[in-house]
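Residue numbers (my numbering): 28 to 221.
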């Protein structure tokens with residue numbers, strides 16, 4: 028767990044979010060390096076039930092995705108995060124290329140490493156809510172079962188449908204967890220009168 032003293036303050040989260048790109052702009056800005064992501068982008072779709080859940084969220088979430096266009100895990104999971112963002116009007120998901128934001132990457136080190144993708148959820152006022160880094164539990168389980176040995180698969184590597192579905196669900200679960208945290212927050216309930 029990160030020491031809260033090392034986390035950026037709300038203004039730094041606000042600036043990081045503002046510097047981030049929407050999904051299509053991120054792909055366009057990194058077109059030469061994300062060209063191999065096509066199959067993963069095409070496969071990243073929420074189910075009808077997942078879409079209904081995400082569309083039901085009411086509390087705004089500012090989401091920062093620290094990513095790397097060179098990274099196989101990003102190639103698989105960032106399109107999923109973009110699909111979640113597209114299905115969830117309450118979530119403003121922005122993508123930041125790690126190489127251009129190394130101080131933020133250093134601030135968000137996980138297990139002594141700068142990992143991607145790393146996702147930060149903030150409340151509407153940019154109060155920090157949650158951090159999840161590099162892989163969902165389902166993705167780690169699948170990688171462990173395959174015993175790849177490599178720290179990061181290649182961007183064009185195929186991902187089984189079951190693993191992809193479980194990975195997407197893992198990210199959706201975290202979006203839902205943060206949404207419920209925000210809905211039940213005493214300070215936000217008082218602020219919104221609900």
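Virtual Cβ for every residue (Gly too), placed ideally from N, Cα, C.
Given the structure is predicted, the values throughout are model-derived calculations rather than measurements.
Short of 8 Å from the beta carbon of residue 72, and not among the five residues preceding or following it, lie these beta carbons of its own chain, in chain order: 110. In the DSSP assignment, residue 46 falls within the unbroken alpha helix (DSSP H) covering 37-46. Here residue 124 is near residue 95, since their CB atoms are less than 9 Å apart. The segment 152-170 and the segment 34-53 touch, with no fewer than 3 CB-CB distances between them shorter than 8 Å. According to DSSP, residue 209 shares a beta bridge with no other residue.
In the DSSP annotation of this structure, the continuous segment of the alpha helix (DSSP H) that includes residue 68 starts and ends at 65-70. For residue 50, the enclosing alpha helix (DSSP H) has its first and last residue at 50-56. A straight line joining the alpha-carbon of residue 164 with that of residue 205 spans about 17 Å.
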